[in-house]
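Working notes, beginning with the structure itself.
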Amino acid sequence: MDRINPRDKRNVVLLGHHGCGKTHLIDSILFTSGKIDRTGVFVTDTEEVEKNRNASFSLGITGLSHKGVRINLVDTPGMAEFHAETVNGLYSSENVLMVINAVSGMEIMTERFGNIAKELNKSIMVFFNMMDKDRAGYEDALEEIRETFERTPVLLQLPIGNASEFKGIVDLVENKAYVYEGETGKFSVEEVPADLRDAVEEARTKMIEDVVETDEVLMEKYFEGEEISTEELKSTLRKAYVENQIIPVLLGSAMKNVGINLLLDTFVALGKTPEEADNWSAELVNGGEIQVEPLETEPLVGYIFKSTVDPFVGKITFIKIVSGSLKQGDSFVVVDQESTEKAGHLLLADGTKDIEISEASLGDIIKLAKLKKSAVGDTVTHKDRQLKLKLLEWPEPMLSKSVQPKSKSDIDKISNGLSRLAESDPTFVWEHDAETGETVISGLGGVHLDIMVERLKKLFSVDVEVGKPKIAYRETIRRKVTAEYKHKKQTGGHGQYGHVQIEIEPLERGAGFEFVDKIVGGVIPKNYIPAVEKGIREAMKKGVVASYPVVDVRVTLVYGSYHEVDSSDMSFQIAASQAFKKGMQEANPVILEPIMDVEIFVPDENAGDVMGEVTSRRGRPMGMESVGKGISKVLAQVPLSEMLDFSSKLSSITSGRGYFTMKFAGYQETPPDVQQKVIVERQRELEEE
1 MDRINPRDKR NVVLLGHHGC GKTHLIDSIL FTSGKIDRTG VFVTDTEEVE KNRNASFSLG
61 ITGLSHKGVR INLVDTPGMA EFHAETVNGL YSSENVLMVI NAVSGMEIMT ERFGNIAKEL
121 NKSIMVFFNM MDKDRAGYED ALEEIRETFE RTPVLLQLPI GNASEFKGIV DLVENKAYVY
181 EGETGKFSVE EVPADLRDAV EEARTKMIED VVETDEVLME KYFEGEEIST EELKSTLRKA
241 YVENQIIPVL LGSAMKNVGI NLLLDTFVAL GKTPEEADNW SAELVNGGEI QVEPLETEPL
301 VGYIFKSTVD PFVGKITFIK IVSGSLKQGD SFVVVDQEST EKAGHLLLAD GTKDIEISEA
361 SLGDIIKLAK LKKSAVGDTV THKDRQLKLK LLEWPEPMLS KSVQPKSKSD IDKISNGLSR
421 LAESDPTFVW EHDAETGETV ISGLGGVHLD IMVERLKKLF SVDVEVGKPK IAYRETIRRK
481 VTAEYKHKKQ TGGHGQYGHV QIEIEPLERG AGFEFVDKIV GGVIPKNYIP AVEKGIREAM
541 KKGVVASYPV VDVRVTLVYG SYHEVDSSDM SFQIAASQAF KKGMQEANPV ILEPIMDVEI
601 FVPDENAGDV MGEVTSRRGR PMGMESVGKG ISKVLAQVPL SEMLDFSSKL SSITSGRGYF
661 TMKFAGYQET PPDVQQKVIV ERQRELEEE
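Residue numbers (full-length UniProt numbering): 1 to 689.
Shown next, in the form of structure tokens:
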């Protein structure tokens with residue numbers, strides 16, 4: 001494939017709430033362009049789990065040519081739990097197509113991801129899909145689009161027919177009617193139907209006024225009564241779109257293949273090119289900040305926005321060329337991994353296939369196989385100018401589950417698989433907790449983790465059992481005590497002798513452990529003091545209430561004795577350990593539980609219910625504040641054990657519109673009833689081990 005000039009490239013990411021028809025729309029685009037012979041195959045849903053569940057859980061990438069322009073299409077999930085996939089889709093593209101279900105109107109995920117697109121200063125256009133359905137419409141949503149994105153929605157089309165009678169589109173710019181033959185996508189260009197002429201004239205006047213308002217010269221000409229030519233209208237419309245003053249609005253039906261050709265024409269006529277993208281802020285590895293300009297003459301800069309594992313090929317990495325170019329055989333650096341790589345086969349997704357190219361240039365979205373080290377979110381650069389692109393902060397994982405391989409022979413495979421999955425999604429993390437002996441995965445919700453487990457099974461052939469993670473409880477004491485223990489054992493030859501007296505007292509929360517030596521007069525030789533501390537530290541690994549680690553105590557060694565022959569380090573370790581356990585029993589011990597700082601974002605009308613839910617989970621509300629556009633932020637501190645199933649409850653309360661973040665705040669004492677439940681559960685765990 002010959003090199004394509006950046007001005008003849010359009011990268012478009014499709015955003016929209018789950019179920020709005022993004023994936024079907026891409027099929028319709030490929031069908032209209034002749035890349036596939038039927039719709040409904042869902043080309044961009046490449047994973048088996050996506051096909052089985054009829055939903056997108058990852059980015060899907062394809063491409064085509066239309067009127068001499070290369071168009072890359074990036075499909076995204078429509079669920080909050082796959083936040084990283086959607087945001088990386090935004091990073092990959094200069095143009096955003098918000099797909100709106102014409103029956104449901106503006107839905108929460110469309111709004112949330114659209115606001116991120118606005119924050120990233122992306123150019124946005126809207127496609128009202130499913131115009132062939134009962135109760136389909138767009139008028140009510142236009143004002144909502146204006147208020148949400150603070151850009152003027154400009155309606156470029158009117159429908160011909162309603163619901164099942166929907167059969168065509170009036171192009172308000174060209175003032176022509178497109179009438180379609182069934183679901184074939186074939187159309188005829190006709191005069192505007194007589195019964196629509198008044199509505200078309202009114203809508204066209206409104207469109208012209210919306211467009212000329214963005215250009216002072218054209219506005220003056222219009223209000224002086226001069227006619228605005230179609231070419232003037234088109235050029236001003238494009239300029240206003242590229243400058244993010246307007247949101248062009250189009251109509252159609254992916255199911256009936258109505259309006260798809262006009263959508264493709266709009267990508268070509270209005271779409272922002274890679275050369276017109278904003279500069280991308282970056283930090284140089286050797287210090288300082290820099291603006292990466294979208295120029296082919298600059299050194300290579302790329303962004304890794306997707307990573308997959310192919311059972312036959314291995315790891316496949318998707319890179320957006322942000323600046324410069326990359327030829328086959330070139331070396332480059334994955335900066336975050338400090339890894340020098342070599343470009344092998346450069347592939348472009350095209351319909352259902354890949355095209356190999358000899359050089360990738362500005363704006364291209366390429367696939368590379370078998371990079372040694374790389375992860376989604378990494379920056380790719382020329383070796384002589386290494387930098388890291390600045391990104392938005394990724395949300396903290398909200399839900400955790402434990403995973404255990406069903407076969408002991410899969411222990412190594414599970415670590416490899418989870419590492420590879422973590423490389424593909426910066427909101428998915430895993431760790432092996434040495435304290436609890438569990439492998440714990442964390443993500444943005446139940447579906448997110450379910451899909452990751454499914455991928456673990458399918459891609460890495462690891463079958464796992466999934467459960468709730470164990471909470472990392474702690475133990476401490478509530479009063480000061482003195483404890484003494486004498487370890488004395490006589491056997492043949494040398495015996496064992498160690499004698500210590502210690503004071504144990506509570507410290508403030510989070511203080512950890514403090515050991516104080518107050519031995520005077522040499523009653524315990526100094527060479528045995530470290531053994532005493534070591535014995536205490538060993539004893540603290542398992543407390544006396546439920547065998548959880550002990551924290552926030554000060555232990556002072558105040559007295560003891562030794563035997564010149566029988567004393568040893570081990571004797572004093574045993575004495576200190578037993579003295580600590582004995583003292584802790586008498587020091588009013590208690591179990592501590594981890595507490596989380598939680599921020600919950602909810603519609604204003606649900607704030608009271610959410611506050612009540614937090615309180616019912618032993619949470620402590622810390623306040624509430626408005627963040628605008630009908631959304632409130634509830635601040636609270638809640639025990640971690642009460643947050644494990646909060647995500648699904650919040651979704652139920654807010655009809656999927658609420659979300660939350662949480663971070664570890666510290667430990668606090670458990671109430672007596674909770675402590676008893678923890679003890680019973682812990683005893684069961686220890687018996688099973």
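Beta carbons are placed, not taken as given, at the ideal position from N, Cα and C, and that holds for glycine.
Annotation: I355 is outside any alpha helix (DSSP H); the continuous beta strand (DSSP E) that includes it extends over 353 to 357. Burial state of E231 is exposed, judged by a 10 Å Cβ sphere holding fewer than 16 other Cβ atoms.
The DSSP-derived three-state label of D609 is helix.
Leaving aside the five residues that flank G467 on each side, the residues in its chain whose CB is nearer than 6 Å to its CB run, in chain order, S402. Under the 10 Å beta carbon count, Q490 is surrounded by fewer than 16 other beta carbons and is classified as exposed. Looking at the DSSP output, I71 bridges to R10, L64. Exclusion of the five residues before and after E396 leaves T661, M662, K663 as the residues of its chain whose Cβ lies within less than 7 Å of its Cβ. Ranked by Cα distance from T76, the options K67, A55, S65 are led by A55. For T39, no beta strand (DSSP E) encloses it, and the DSSP letter there is neither H nor E. Sequence-distant Cβ neighbours of E298 in its own chain, meaning closer than 8 Å and more than five residues away, are V292, S323, G324. Here P274 carries a helix assignment [DSSP, helix/strand/coil].
Using a C-beta cut-off of 8 Å, the region 122 to 140 makes no contact with the region 55 to 64, since fewer than three inter-stretch Cβ pairs fall below that distance.
Where Y222 is concerned, the enclosing alpha helix (DSSP H) starts and stops at 216 to 223. Taking 7 Å as the cut-off, the Cβ atoms of I595 and A665 count as close. Within the region 625 to 662, the complete alpha helix (DSSP H) segments at least 4 residues long are 646 to 654, listed from N- to C-terminus.
Along the region 500 to 526, the beta strand (DSSP E) occurs as fully enclosed runs of 3 or more residues at 513 to 517, listed in sequence order. Scanning G114, I169, R146 for the CA closest to the CA of D132 turns up I169. Contact between the region 539 to 548 and the region 493 to 506 is absent: fewer than three C-beta pairs spanning the two stretches fall below 8 Å.
The beta carbons of L387 and A282 sit closer together than 7 Å.
Using a 10 angstroms sphere on the CB of D45, the tally of other CB atoms reaches 16 or more, which defines it as buried. Inclusion of V96 and V41 in the CB contact set at 7 Å is not warranted, their separation being larger than that value. For the pair of segments examined, the region 576 to 592 was found to touch the region 530 to 541: the number of CB pairs separated by less than 8 Å reaches three. Secondary structure at M131: coil, using DSSP grouped into helix, strand and coil. Per DSSP, the beta-bridge partners of P621 are A636. Of the candidates V558, V464, S28, I71, V464 places its Cα closest to the Cα of T439. For the options L155, G619, V634, the alpha carbon positioned closest to that of P248 is the one of L155.
In the same chain as E181, and ignoring 5 residues on each side of it, no C-beta atom comes closer than 6 Å to its own.
Beta-bridge partners of T148 (DSSP): none assigned. For Q291, there is no enclosing alpha helix (DSSP H); the enclosing beta strand (DSSP E) covers residues 289 to 292. Of the candidates F572, Y559, H563, G522, H563 places its Cα closest to the Cα of H494.
Partner residues in the beta bridge of L389, as assigned by DSSP, are A282. In the DSSP assignment, R455 falls within the alpha helix (DSSP H) that extends over 446 to 460.
Between the C-alpha atoms of R112 and G19 there is a straight-line separation of about 15 Å. Around the beta carbon of R204, 16 or more other beta carbons sit within 10 angstroms, so the residue counts as buried. Straight-line spacing of the CA atoms in W430 and I471 works out to 15 Å. Burial of G417 is indicated by the presence of at least 16 other C-beta atoms within 10 angstroms of its C-beta.
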